[in-house]
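Each remark here refers to the structure printed beneath this line.
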Amino acid sequence: MTHRTLHDGWTLRAVPGAPVPPEIAGAAVPATVPGCVHTDLLAAGLIGDPYLDDNENRLTWIGRTDWSYETTFGWQPGDDDRIDLVCAGLDTVATVTVNGTEVGRTENQHRSYRFDVRSLLRAGDNTLAIRFDSPYRYAEAQQDRLGELPNAYPEPFNFIRKTACNFGWDWGPTVVTAGIWQEIGLHAWSTARLASVRPLVTVADGTGRVELHVEVERAGDAPLTVHAVVAGVAVEVAVASGERTAVLTLDVPDPALWWPVGYGDQPLHDLDVTLRGPDGRELETRSRRIGFRSLRLDTTPDAHGTPFTLRVNEVPVFVKGANWIPDDAFPNRVTRARLAERFGQAVDANVNLLRVWGGGRYESTDFYELADSLGLLVQQDFLFACAAYPEEEPLRGEVEAEAREQVARLAGHPSLVLWTGNNENIWGWHDWGWQMCLDGRTWGRGYYLEMLPAIVRELDPTVAYWPGSPWSGTEEIHPNDPAHGTTHIWDVWNTDDYTKYREYVPRFVAEFGYQAPPAYATLRRSISDEPLAHDSPGMAHHQKAIDGDLKLQRGLDAHLPAPADFDDWHYLTQLNQARAIQLGVEHFRSHRDVCAGTIVWQLNDCWPVTSWSAVDGDGRRKPLWYALRRAYADRLLTVQPRDGGLTLVAVNETGQAWTAPATVVRLTLTGQPRAKTSVDLDVPAYSRVVLALPVELTRPDEARSELLVAAAGDTAERALWFFAEDRDMQWPAAEWDAAVEPAGDGLRVRVTARTVLRDLTLFPDRLDPSAQVDRALVTLLPGESTTFTVTADGPLDPAALTNRPVLRCVNDIAPAGGAPADLSP
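Numbering of the sequence shown is given in the numbering used here, commencing with residue 627 and proceeding in unit increments.
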């Protein structure tokens, strides 16, 4: 048995007849495989980078063009029974030919294909060609045949099994791709091969069990044996002549359990599976790693409604999640190293779950292996988002094929804890005017409530299934009812101020978010506007949300002083995003007796854009990332309004009780105490306590010049409460002393406040695009100090590091029409 990749020597051509630029028509372009048309044309210098300025608008013809890939490879006959052409991923409507003979057609980016090509190969050179038809033409033909269906965007992505966000989203570019996007090669084999290896891993009464389901494909009827070993336990079974399936059960006593990050370790065990022929000769071996853990989704109704609680090894896990979109619009650019960097950012922000959103892709093996090793839980959506989807053929058959393949492929990954039927489609059917448009036609219900749950039950019952996000648990209750199951909160951002989060006490929040622009260095790399302004052409093009800038402005008007220039606007909008999400997360966590988790929209971006992300399209952390790290800390102190007063809430998301003395002080902005109380915190493991604060703390003498400070020593970050919005506070002009000194491969910037400094943040990427800083959003009282550690590939100007626009705080904003404050230390 041999596997041979066919990744070399490819050329790309536009099929004649399409209105393509003259320099591309007829040109043979070197092609990278795996890859796509856009990246090949970009590498050849034939198109502008679609991520820069508004180049995207000039490249829409690519998705309306047919493309041909071709390569030549050598081959010599052998004694193999079969030689298969294996296509792990073709995007999307493809015709595959070998030496001029058609071997198959594809219509689904989300599944693999295997074609027997032995009879077509010849000694010497062979030609492999793949023609990709325009995704638009295919989707629009299906739309014409079946009739238009409701859709959040004016694109036909719901009529083709292809990454939906390729057609654009409110954070993504319209780059409708085509190409060989995953591995392609020849698989030569004899007698039989392992067609599927599907481990179902459970733990009960101290015993770990691997129920291993094996399917074989045969070239004959000889008897076979399958041997499997894990954690020192080995089992072998016979597969009689003509049989194609086998089940092996391996019981492992007292296995080390796999835990989510923050709850324990992530031990993984090698699972080796070997297929042997009748003479004992090894035909094929598969190896992978598994983890032993039990999983249960608790939705037993209670006094508050219907909970949605993940229990791993019977421990309820409070989900501190983030939504995940494709990390690049061109998936061949998302390497394992890039995923590892992004996962590191997630874990460092105290995230313990990533939800793979339904408008993207079924994530890669690299993605799941990294999640397994780090303890990041994964919720994988089936790929349906924000539209009605037809249930007629050929789409129905393609949906079933992709679902079966992907559920089987991902079985056994301990990180995978939830399959979700769709993103917002059931909600859309209820609330977005779909029913009148549909007039009785199919829209996807049969997928979400019948086909997909049946496939998960059959192929991987160890993982929970939930029909949609959001979903209440039953068709009898509105799908986005906060008291039942999962909910999305989008009135905040779309219509309401972020303080409205406090009106919700949901069971589980699967989406909520707030926008901000990317880092300054990311803007300057991707947008050439001069001068750069919030409404300059490039900025406007990289804002995809409807009325996005108006919503950003509404948020600024409600909370912050008016920006005097673009630098102010950039800092304040990023700050307001961080404030919004921190307020929401802390509020939801303060109700952890009712709410079992939050999944912030969103962790990452796929290109440089103003969006809801914590990490921008160039991989830079926005201030939201630092706020998320604080709000998702295992031990959280937060001041929360309750019943007309204020409370101190201590949340403990660790396995040990949290005991510590704590103080709450009402201070003036100059640091003068006005009232104080002391308490002894005693918070059980995985719990919270709520302590009402005395009236003298909650009623300031002058709301615009006082705050509360709650602290519990070094056991948790302190919590602050301001009695007025920043726009109304009597902020003094910002004054500080600063010192910069070398520190290893970077610099330490120590700032000592002479006045209160509100949300002091350092933006070193303004000096060097490689520069990073370890902390942000630090509020200092007079006399307090903090130290920022900055790293960069090159030297940084110490003076510039301690002045505007690199070092900022809220109270350095100039009054409307005034000059910027003098921030010289």
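Ideal Cβ positions, reconstructed from N, Cα and C, are used throughout, including at glycine.
Own chain residues within Cβ distance below 8 Å of residue i, not counting five before or after
i       : result
Arg1030 : Ile1081 and Leu1085
Tyr994  : Val1004, Leu1036, His1039, Ser1041 and Leu1042
Arg1268 : Val1316 and Ala1318
Glu908  : Thr900, Leu901 and Arg902
Pro703  : Leu747 and Ala749
Leu1422 : Leu1373, Pro1390, Leu1393, Asp1394, Ala1397 and Val1416
Gln892  : Trp884, Trp885, Gly917, Asp998, Ser999, Leu1000, Gly1001 and Pro1040
Among the options, nearest to residue i - alpha-carbon criterion
i       : options                               : result
Leu936  : Thr925, His930 and Ala929             : Thr925
Val1275 : Arg1261, Gln1282 and Gly1281          : Arg1261
Arg1083 : Val1033, Thr1324, His1104 and Gly1059 : Val1033
Leu883  : Leu901, Ser920 and Asp992             : Ser920
Tyr1252 : Arg964, Gln1208, Ala1288 and Ile810   : Gln1208
His1168 : Arg1376, Ala1142 and His1217          : Ala1142
Val1404 : Phe944, Pro1395, Arg1392 and Leu1388  : Leu1388
Glu696  : Glu1019, Val663, Leu668 and Glu682    : Val663
Phe785  : Val802, Val801 and Glu766             : Glu766
Gly1070 : Trp1097, Arg1022 and Asp692           : Arg1022
Trp795  : Glu1019, Ala1240, Cys1012 and Ala830  : Cys1012
Ala720  : Val1226, Glu728 and Glu733            : Glu733
Below-8 Å beta-carbon distance, residue i vs any chain D residue
i       : result
Gly1070 : The question asks about chain D, but that chain is absent: this structure has only one protein chain.
Per-residue DSSP class, three states only, for residue i
i       : result
Ser1450 : Confidence at Ser1450 is low in this model, with a pLDDT of 44, below 50, so its placement is unreliable and no value can be given for it.
His1160 : coil
Asn949  : strand
Glu908  : strand
Ser1313 : strand
Tyr889  : coil
Gln1032 : helix
Phe969  : helix
Glu869  : coil
Leu820  : strand
Ile1225 : strand
Lys1170 : coil
Trp1357 : coil
Ala1342 : coil
Ile688  : helix
Leu812  : strand
His1039 : coil
Span separating the alpha-carbon of residue i from that of residue j
i       : j       : result
Ser816  : Pro904  : 12 Å
Asp1448 : Trp1347 : Because the pLDDT of Asp1448 is 49, which lies under 50, any placement of that residue in the model is unreliable, and the number read from its coordinates should be weighed accordingly. Rounded to whole angstroms, Asp1448 to Trp1347 spans 27 Å at the Cα level.
Gly970  : Arg835  : 31 Å
Asp1191 : Leu1182 : 14 Å
Val887  : Asn978  : 6 Å
Tyr1258 : Gly1001 : 16 Å
Pro825  : His839  : 6 Å
Asp707  : Ala845  : 7 Å
Ala929  : Pro1320 : 30 Å
Glu1465 : Glu1026 : Outside the shown range of the chain (627 to 1451) lies residue 1465, about which nothing can therefore be said.
Asn588  : Leu1383 : The structure shown does not extend to residue 588, since the chain spans only 627 to 1451, so no value can be given for it.
Val641  : Trp693  : 5 Å
Thr1100 : Ala1109 : 12 Å
Ala975  : Ala644  : 48 Å
Gln1282 : Thr1341 : 13 Å
Beta-bridge partners of residue i, as assigned by DSSP
i       : result
Thr1100 : Looking at the DSSP assignment, Thr1100 forms no beta bridge with any residue, so it has no partner.
Gln1200 : DSSP, once it has assigned bridges, lists no residue as partnering Gln1200.
His1114 : Glu1137
Arg914  : Leu897
Ile806  : Leu716
Glu728  : Thr723
Asp759  : Answer by DSSP bridge pairing: none, since Asp759 is not bridged.
Ile709  : Ala814
Lys1302 : Val1291
Own chain, CB closer than 7 Å to residue i, minus 5 neighbours either side, in chain order
i       : result
Asp1354 : Arg1330
Asp1371 : Thr1417
Asp751  : Thr698 and Gly700
Ala821  : Glu841, Val842 and Glu843
Gln1061 : Trp1055
Gln808  : Pro660, Ala714 and Gly715
Cβ neighbours of residue i in the same chain (closer than 6 Å, five flanking residues each side left out)
i       : result
Val1291 : Pro1299, Lys1302 and Val1335
Ala804  : Val663, Trp693, Asp717 and Phe758
Leu667  : Ile673
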